[in-house]
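Here the sequence shown stands for residues 1 to 708, where the numbers follow UniProt numbering.
Quick reminder that beta carbons are idealized off the backbone N, C-alpha and C, glycines included.
If you're wondering where the values come from, they're calculated on a predicted model, not measured in any experiment.
One structure is given below, encoded as structure tokens.
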Amino acid sequence: MSKRITQHNTLNSLAIARLAVLVGAVVFFVHNQTSGEVPATTQGRDTAASKSADKTETPNQVLAKQLSQVLDTTQPPLQEIVEIAERDGLDAAVARIRELHQQAPERPVFPHGLAPRDPEKIITVADGVIQGGWRFGKREPYPVAIPIDWAANPHNDRGWRMWLNAWRVLEPILAAYDESGDKRYLKFANGIALDWIDQHIVAENSNAFTWYDMAIGRRALLLGKLIDANLRTDVLSNERLLLLFTAARRHATELHGEDKIAWHSNHGIYQLVGLLSLGMSTPELSGVQEFKPFAKQGLCKLISQHFSDEGIHLEHSPFYHVALINTLGLLIERGLIDDDETLKLFQLARRNIVWMCHPHGDLIRAGDGDQTQAAARIMYADDPQLQYVLSKGKSGTQPPTNHQIFKESGYAVFRGSWEHRPWREAPYLFFSAAFHSRTHKHADDFTFEWSEQGRSLLIDSGRYSYKYDHPNRQYVESTRAHNTVEIDGRNFSRYTNDAFGSAIVAGGESDGAYFVTAEVNRTRFFKTHHKRTLVFHPGRWLVVIDHLTSPESHDFAQCFHFGPELMFHHTSPGGVAARLPNSKTVLNVLSLSPSDAVTATLIRGQTEPRMQGWTSLAANRMTPNYALELRTSGNDVRYITVLALTGPQANLQPVQLPDDQDPHNLQVRWQANGAFQGFDLHEGESGISLKLLSPPAMTAEKPGATTR
């Protein structure tokens, strides 16, 4: 882009006085935030910052004093600018700032994760915002005519309010400016940003998300871009340009400090990204020599804390795993991060996305995730194995194994042969036994998702929204909304003190089938030891074994949630079935416990006496689906439930085995049209071994990976 500078604005004495008071107020705030301790590089700048200018001072002297508060005068060229301001006025000072700034290349806007990258789409989205308003998700467009109501809450949605105050509306506008060089985009962005600044920094108005952690980080990033762009053009007056500097200084102060950063969540990453990007875009800003290294070091530290050594994001959600990979990719692409350890982590974590995608293309929804195609969310897919998965085997490199167990992180993933065609119909099972923190954690320990023949059979509850007091949000977070065991009608603990990390104790492949075992001792709400084992024969069946023991009797409900298009009916007191749409295949679910010990109940779209049988496939939407509850009670309960893919005439029957089986040598049997099926599961000192009752003569599956 070619941008010419023809800045000839002047600032009268009254305007200088107004700016002086404003900058002084911000510097006073900055000084207070440091608890009286001023870094050596900034000492001597702020003694009179909070007071009105001395009436004996000339406007140029006032201006010079205030510039010394906003600019990093430890850099000799910037100290010279203060002297120019006192001698020659604002126009001359800003002209020199521009001259220095333009010696560095222009910095493009740093988009949030999934911003469009196609040039035509970038322009189309930006023009749509200007003409029709800002659209967040599938919400109605919100008018962005100035003055904007920044406290608006038209959808009763915390996320929407946060992103409004995070200036999400500016991202497509500034991307269009980068793409086209058309100054009308920059003028539009300036107007929105300065409206927020006028209302919240000049007038000191506030709302619940004015100084919310992630919103500050995103605004800081965009402020840096605005200052960089406006120092290269003539679309903004010098007074308003310095107001951007003042706002940037305030944002840097809100982000600079150990107590300012949300170290426990991904919000901290976005705060530090904003601070680092601001420092890179505005090297003239006061304090930059302190806050930029703080941001860079903190970012590397936080990234390493948020990922396991296995390269799994520890916020319980593949959806957010991908979002963080997108952010890391942007940081690396823009040169904000270049240390070897973070680069290695990025490469490992990006490759792990291979295991988070159903063969039919959807990302796993565990934790907080909407139904979405993985390929649409992944910005940096240039890993050979990831390319192989996203291209459905047409390019890239085939992963060396068919399963992966992330024992430290709490995920286990199993799938059919990589040669399976049609690609989308390959078998796939995802299991989660992770509890690292409260962040994006549902009460869903030991839940799983299962897909076969191109459709999701067992599903997650989804995200709904972040309206935490909404009944729908509370439901999707609940234990009963997941494929696990509810105890006494209550949710599993999500208190941080009860976090167990990963509960996976074993897993692997044997005899053409896969298995994984996890166990945890629950001490809050109900003193119960829970051990779950999944045994998976891809394309044929999945067996879910839960063993629950406690000093006291409890009411248990083994819950299963099925894809919304599956229409179930009872086949026996302990069994249900549904035909897969447009298929002869039937999904049969059968409890192998004695029929008088377990009560099977099908529920779909229930609201009273409590919600059950719902899933959230998209933000702020609930879709009814069949849920199966297998209820029993006692202080030593073992569920064994088989979910089998059969023909339309299959007749599944349980085979009764002794109730007092040795739990370390478990036999599981059922009949399908008179033929016995099942397996033996043996636990010994050397680990777990699995032997199918009637294994196929040959299997197309490759040997699996060893437990890590």
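So if DSSP puts residue i in a beta bridge, which residue, or which two residues, is it bridged to?
i    : result
N588 : A577 and A644
V637 : L548
Q612 : Q606
F515 : G508 and V535
V485 : Q558
R522 : T528
C357 : L363
I405 : A412
V668 : F679
S502 : A434
F307 : H313
G687 : G684
L330 : Beta-bridge pairing links L330 to no other residue.
E629 : C559 and T601
V543 : V535 and V642
Is the distance from the Cβ of residue i to the Cβ of residue j below 8 Å?
i    : j    : result
A215 : A166 : yes
N620 : S550 : no
L174 : A189 : yes
I353 : L343 : no
T528 : Q289 : no
R250 : L194 : no
W423 : P399 : no
L324 : A295 : no
L592 : H570 : no
A433 : S478 : no
L645 : L587 : yes
G361 : A349 : no
W211 : V169 : no
V576 : V589 : yes
K224 : L186 : Just to set this straight, residue 224 is Gly in the shown sequence, not Lys. In this structure, L186 does not lie closer than 8 Å to G224 by Cβ.
V82  : N238 : no
G563 : R473 : no
H547 : P663 : yes
F319 : G268 : no
W670 : Q653 : yes
Taking the continuous beta strand (DSSP E) assigned at residue i, which residues delimit it?
i    : result
V169 : Segment: none, V169 is in no beta strand (DSSP E) and carries neither H nor E.
N651 : Careful: N651 lies outside any beta strand (DSSP E) and carries neither H nor E.
K260 : Unbroken run through K260: none, as it is neither H nor E.
T210 : Careful: T210 lies outside any beta strand (DSSP E) and carries neither H nor E.
G462 : Here G462 belongs to no beta strand (DSSP E), and DSSP marks it neither H nor E.
V388 : The question names Val, but residue 388 is Tyr in the sequence shown. Not the beta strand (DSSP E): Y388 falls in the alpha helix (DSSP H), residues P384 to L390.
Q661 : No beta strand (DSSP E) contains Q661, which DSSP labels as neither H nor E.
H101 : Per DSSP, H101 belongs to no beta strand (DSSP E); it is in the alpha helix (DSSP H), L90 to H101.
G571 : Contrary to the premise, residue 571 reads as Thr rather than Gly in this sequence. Residues H569 to S572.
Given that a residue counts as buried once 16 or more other Cβ atoms are within 10 Å of its Cβ, and exposed if not, what is residue i?
i    : result
S286 : buried
Y495 : exposed
R421 : exposed
M567 : exposed
F414 : buried
H321 : buried
A697 : Only weak support is given to the placement of A697: the predicted model assigns it a pLDDT of 40, under 50, and the question is left unresolved by the model.
N665 : exposed
P39  : Low confidence applies here, because P39 scores a pLDDT of 38, under 50, leaving its location unreliable; read the following figure in that light. P39 comes out exposed.
K138 : exposed
I405 : buried
R87  : exposed
N230 : buried
D72  : buried
A675 : exposed
Could you give the first and the last residue of the continuous alpha helix (DSSP H) run that contains residue i?
i    : result
Y270 : N266 to S281
D195 : K183 to I197
T372 : Neither: T372 is in no alpha helix (DSSP H) and is coded neither H nor E.
N620 : Unbroken run through N620: none, as it is neither H nor E.
A75  : According to the sequence provided, residue 75 is Gln. The question's Ala does not apply to it. Where Q75 is concerned, there is no enclosing alpha helix (DSSP H), given that its DSSP letter is neither H nor E.
T447 : It is not in any alpha helix (DSSP H) - T447 instead sits in the beta strand (DSSP E) that spans T447 to E452.
R250 : N238 to L255
E683 : E683 -> not in any alpha helix (DSSP H); beta strand (DSSP E) instead, spanning A675 to G684.
Y475 : P471 to E477
R415 : Careful: R415 lies outside any alpha helix (DSSP H), inside the beta strand (DSSP E) at Y411 to R415.
T439 : Here T439 belongs to no alpha helix (DSSP H), and DSSP marks it neither H nor E.
T342 : D340 to R351
Quick check: is the beta carbon of residue i nearer than 8 Å to any beta carbon in chain C?
i    : result
E685 : Included in the structure is just one protein chain, with no chain C present.
Legend entry - Complete runs of the alpha helix (DSSP H) confined to the segment 127-173 [at least 4 residues]: 158-165
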